[in-house]
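Have a look at the structure below, then the notes.
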Amino acid sequence: MTQTTAPVKQAWARRRVPGGPYLLLLPAAVAMAGVSLYPLFYGVRASVTHYLYGREFGYNGLTNYHIVWHDQFFWEAMRTTAKYVICAVTIETVLGLGLALLVSREIRFGGPIRVGLILPMTIAPVVVGVMWRLLYDSGIGVTDTIWGWFGAPPPNLLAHNTSAFVAVVVVDVWEWTPLIFLILLAGLQSLPQEPLEAARVDGAGRVRVFFDHTLPMMVPVLLVAITLRTIDAIGTFDQIYVLTQGGPGTSTRLISIYAYNTAFLDSQYGYAAAMLLSLLAMVMILMVVAVRMLRRSAS
Amino acid sequence: MSDNQSRERVTRSYTRREVIQGAVGTGAALGLSPLLAACGGGSSSSSGGKAGGSITIGSFSDPAMVPFRDVFLKKFTAETGIQTKWHETNYNAWYQNSKTDGLQKTGAYDIYVMDDNWVPEYAAGGAIQSLSKLGLKVNPNILEKGLEQGYWPPKSGPRLKAFANATPELYALVIIDDVEILYYNKDYFPSAPKTWDDIAAVAKAKSQPPNLYGWTARGVAGNPIMQTYLPLLNSYGGNFANDDWSPGFAGPEGVAALERLFSFIPYMPAGVAAFDTSQETAVMLQGHCTAMTEYTGTAHVVDDPTQSKVVGKIDFAATPSQVKSGPAIGTFICGIASAAPNTEGAVKFLEWFTSDKVQHEFASGGSVAVTGPALRDPALAAKYRWLPACADAVDNSIPKPRTPDEPKMEDLLGTELNQALVEAISAKSGYTQIAQKHLTAAANQITAYLKQQGTY
Chain A
1 MTQTTAPVKQ
11 AWARRRVPGG
21 PYLLLLPAAV
31 AMAGVSLYPL
41 FYGVRASVTH
51 YLYGREFGYN
61 GLTNYHIVWH
71 DQFFWEAMRT
81 TAKYVICAVT
91 IETVLGLGLA
101 LLVSREIRFG
111 GPIRVGLILP
121 MTIAPVVVGV
131 MWRLLYDSGI
141 GVTDTIWGWF
151 GAPPPNLLAH
161 NTSAFVAVVV
171 VDVWEWTPLI
181 FLILLAGLQS
191 LPQEPLEAAR
201 VDGAGRVRVF
211 FDHTLPMMVP
221 VLLVAITLRT
231 IDAIGTFDQI
241 YVLTQGGPGT
251 STRLISIYAY
261 NTAFLDSQYG
271 YAAAMLLSLL
281 AMVMILMVVA
291 VRMLRRSAS
Chain B
300 MSDNQSRERV
310 TRSYTRREVI
320 QGAVGTGAAL
330 GLSPLLAACG
340 GGSSSSSGGK
350 AGGSITIGSF
360 SDPAMVPFRD
370 VFLKKFTAET
380 GIQTKWHETN
390 YNAWYQNSKT
400 DGLQKTGAYD
410 IYVMDDNWVP
420 EYAAGGAIQS
430 LSKLGLKVNP
440 NILEKGLEQG
450 YWPPKSGPRL
460 KAFANATPEL
470 YALVIIDDVE
480 ILYYNKDYFP
490 SAPKTWDDIA
500 AVAKAKSQPP
510 NLYGWTARGV
520 AGNPIMQTYL
530 PLLNSYGGNF
540 ANDDWSPGFA
550 GPEGVAALER
560 LFSFIPYMPA
570 GVAAFDTSQE
580 TAVMLQGHCT
590 AMTEYTGTAH
600 VVDDPTQSKV
610 VGKIDFAATP
620 SQVKSGPAIG
630 TFICGIASAA
640 PNTEGAVKFL
650 EWFTSDKVQH
660 EFASGGSVAV
670 TGPALRDPAL
680 AAKYRWLPAC
690 ADAVDNSIPK
700 PRTPDEPKME
710 DLLGTELNQA
720 LVEAISAKSG
730 YTQIAQKHLT
740 AAANQITAYL
750 KQQGTY
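If you're matching them up, the sequences are chains A and B in order.
Residue 36 in my numbering sits at position 36 of the first sequence; the count goes up by one each step and never skips.
Each number in my numbering comes from the position in the second sequence (counting from 1) with 299 added on.
Structure (structure tokens):
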């Protein structure tokens, strides 16, 4: 009996259901389509629709995109966003790498220090905004007190274009340096030690080892960290909305704030969708460039 | 495709690089998808639902609404047997929720408590019902300027082309006549200042920053600084929008009004460009300021010793004049949702709340009622000295342009005003050029925007 059924079982096991793997992927694909593709499709549809008084007033082709292209505030917001992303991500990368190098070695209280360093990242951005708003507030904020110790007048950080911009970058750096730190720390700890030890045996100092060996080996991880952080920083909204609402003037008005105001205060849903789709296209181009750089560095 | 190739494609493992690349690309698309979807405002419709023994009222949170919520809803239930349900959230969230509810006709609410500048959009978009068509009986004692805020198209002023010949109908009914009034400290003003020159003279003579400022204001870009600028603009004879929708603030009147604000810079807190209501009123309530213009919400707390160090010292008047007094009006106003489950109950509530008897009771707690007899009752005026000032201010008030695009117009002008203030604070001179430059820029932006909308 056993001898006759075993080949049958094996045959069943080997038998292939046509399109089986795809069938198994179907639930996940449907879920993905529901939560990702449908909103995307809906956004595309909204971007070619004319809205008036908050209601749809029919298809209007590429008019919204045409307006986006000629909207000085859109480009101004894009420039501010680019400036914000470059400043924040650069500082975060340098700080994150420095901290990761510091903590990757066996040091006293390494565990608690690591936990402490990642704490800001775990706080909701809105709470971060409120917290820093209180710190910066010209009436009750601690910045006034600190300035006062040096005999300086209150800085009114959020009331001037440059200082307000610096202030929001500082908040971003405080909150998101831990993310870069975590990614880079994981990267550092997974580096092969042999080349580093060999370099040290050959008499290379710490700086030489870092620039000639550690940094080149870390490039792929660095690129991943920078890319992820850049995507995230482009969409920054909560803390800036709480802190400055995009002001003074338009000095901290990122594209996310401008799009939000356009959609939800001005009820220009179609125009806001066109704006964000244009942004999506630009982010995708950025991604392609980043991935190519990643490939090149890895090869 | 061969069997081997097919199997390899199904079973092969992915490299770390491929996973990372995929995650990065998917992350970018996923990150922006919800934002895009959120931009797709809809207009699908559903039926209104059944009438019942209760009404649901939604509102933004505001201290002025506390008596309405805590006292008068219960009274209404006691007198009529109709139950009330109350939902409130912050201003921006409620603006979105109520608009979506009205446009999608979900029937979640019967009554929306709104800011009066929402009325054009809600009425034109069909988010609220015409109270005229529902047969709501209007109390003739309601102050006319307050009542007018609920009409669409507006009874006076410029109109959208599409509504040029339409008969105005009442779409929303005022429940609190919120209006800008002058708050002044009697320690520094022997009598109510009449003009901006009076305010400036005291500011110059008495200011000792940071202990005492001659003036404080809201300076944040957009709506906040507009509340500072509008009484100035109106008093100098300018207009936010002329009758043909052209901007009426970039001429000499508007420039002079902004220059007047700049002239207060030495006597205002240095961080005023980042001030909103809370910072502005804190300066006043701490006794660090001689005068300010603000809506009536703060009037309730000036005599509250737990919040104010100037108990009994603050008095109230109409906003100062230059060629006239022109306070901005921003009433709390109620509309009945397009798919209200209990329209009849909602109408009954609005008629009840705006009746003379209830309005008198409302004013008896210091709230800014909407009827003349309640606001001008001598006994109530003796107890709540801001009430007659509010009635005068409503009578002299100048409404904002009645259009769904008013928030955008405010945003454009308010952003330039904030930028002008920041520049003026830094420059400390050249005020005329700064004012002219930014007001002209705002006028050009608004003109271009309205042209692009194509409805003017």
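Note that the Cβ used here is the ideal one computed from N, Cα and C, for glycine as well.
Quick caveat, the model's predicted, so the values are computed rather than measured.
How far does the beta strand (DSSP E) with residue i in it reach, from first residue to last?
i                      : result
residue 385 of chain B : 382-388
residue 283 of chain B : Nothing about residue 283 of chain B can be reported from this structure: the residues present for chain B run from 300 to 755 only.
residue 484 of chain B : 480-484
residue 55 of chain A  : 55-59
residue 51 of chain A  : 49-52
residue 616 of chain B : 613-616
Against chain A, with Cβ distances strictly below 8 Å, would residue i count as a contact?
i                      : result
residue 714 of chain B : yes
residue 703 of chain B : yes
residue 500 of chain B : no
residue 732 of chain B : no
residue 573 of chain B : yes
residue 516 of chain B : no
residue 721 of chain B : yes
residue 520 of chain B : yes
residue 654 of chain B : no
residue 735 of chain B : no
residue 357 of chain B : no
If I measure Cβ to Cβ from residue i and keep anything under 6 Å in the same chain, skipping five residues before and after, which residues do I get?
i                      : result
residue 68 of chain A  : 74, 274, 275 and 278
residue 172 of chain A : 88
residue 239 of chain A : 125, 128, 129 and 171
residue 575 of chain B : 517, 519 and 523
residue 416 of chain B : 699 and 705
For residue i, verify whether its CB is less than 7 Å away from any heavy atom of the ligand PLP.
i                      : result
residue 264 of chain A : Inclusion of the ligand PLP in the displayed structure is not the case, the ligand content being empty and no account of it being possible.
Flag residue i as yes if its beta-carbon sits less than 8 Å from any beta-carbon of chain B, otherwise no.
i                      : result
residue 239 of chain A : no
residue 189 of chain A : no
residue 163 of chain A : no
residue 300 of chain A : Absent from the model: residue 300 of chain A. The displayed extent of chain A is 1 to 299, so no value can be given.
residue 53 of chain A  : yes
residue 66 of chain A  : no
residue 267 of chain A : yes
residue 60 of chain A  : no
residue 250 of chain A : yes
residue 158 of chain A : yes
residue 210 of chain A : no
residue 245 of chain A : yes
residue 109 of chain A : no
With a cut-off of 8 Å on the beta carbons, I'd call residue i and residue j a contact; round off their distance for me.
i                      : j                      : result
residue 721 of chain B : residue 160 of chain A : 6 Å
residue 621 of chain B : residue 534 of chain B : 5 Å
residue 632 of chain B : residue 478 of chain B : Going by Cβ atoms, the distance from residue 632 of chain B to residue 478 of chain B rounds to 13 Å, so no, they are not a contact pair.
residue 685 of chain B : residue 598 of chain B : 4 Å
Enumerate in chain order the residues of its own chain whose CB-to-CB distance from residue i is below 8 Å, with the five nearest sequence positions on each side excluded.
i                      : result
residue 169 of chain A : 84, 87, 88 and 91
residue 17 of chain A  : 23
residue 623 of chain B : 533, 534, 536 and 695
residue 435 of chain B : 469, 472, 646, 649 and 650
residue 294 of chain A : 220, 223, 224 and 227
residue 724 of chain B : 564, 569, 571 and 572
residue 514 of chain B : 498, 502, 563, 566, 567, 588, 589, 590 and 591
Tell me which residues share the same chain as residue i and place their Cβ nearer than 7 Å to its Cβ, disregarding the 5 neighbours each side in the sequence.
i                      : result
residue 493 of chain B : 619 and 620
residue 449 of chain B : 418, 469, 470, 471, 472, 473 and 632
residue 615 of chain B : 480, 481, 482, 598, 684, 685 and 688
For the alpha helix (DSSP H) containing residue i, list its first residue and its last residue.
i                      : result
residue 737 of chain B : 730-752
residue 161 of chain A : 161-189
residue 129 of chain A : 125-136
residue 73 of chain A  : 72-104
residue 473 of chain B : No alpha helix (DSSP H) contains residue 473 of chain B, which is instead part of the beta strand (DSSP E) from 471-475.
residue 411 of chain B : Segment 410-414 is the beta strand (DSSP E) holding residue 411 of chain B; no alpha helix (DSSP H) there.
Does residue i have its Cβ less than 8 Å from a Cβ in chain C?
i                      : result
residue 150 of chain A : In the displayed structure, chain C is absent; the protein chains listed are A and B.
- Task: Quick one: which residues of the region 680-709 of chain B get their C-beta closer than 8 Å to a C-beta of chain A? List them in chain order.
- Result: Listed by position, the residues of the region 680-709 of chain B near chain A (Cβ gap below 8 Å) are 703, 704, 706 and 707.
- Taking only beta carbons into account, state which residues of the region 412-445 of chain B come closer than 9 Å to chain A, listed in chain order. If the cut-off is 9 Å between Cβ atoms, the region 412-445 of chain B has 419, 420, 421, 422, 423, 424, 425 and 426 near chain A.
- Item | Under 8 Å (Cβ pairs) to chain A, residues found in the region 588-605 of chain B | For the region 588-605 of chain B, the set of residues with a beta-carbon nearer than 8 Å to any beta-carbon of chain A is empty.
- Item | Contact list for the region 18-44 of chain A against chain B, Cβ threshold 7 Å | Within the region 18-44 of chain A, the residues whose Cβ lies closer than 7 Å to any Cβ of chain B are, in chain order, 21, 36, 39, 40, 42 and 43.
- Message: At a CB distance below 7 Å, what residues from the region 385-406 of chain B approach chain A? Give them in sequence order.
- Response: Of all residues in the region 385-406 of chain B, only 395, 398 and 402 come within less than 7 Å of chain A when Cβ atoms are compared, listed by chain position.
- Task: Output, in sequence order along the chain, the residues in the region 628-647 of chain B whose CB is closer than 9 Å to any CB in chain A.
- Result: Cβ contacts with chain A: none found.
- Message: At a CB distance below 7 Å, what residues from the region 533-548 of chain B approach chain A? Give them in sequence order.
- Response: The region 533-548 of chain B vs chain A, Cβ under 7 Å: nothing.
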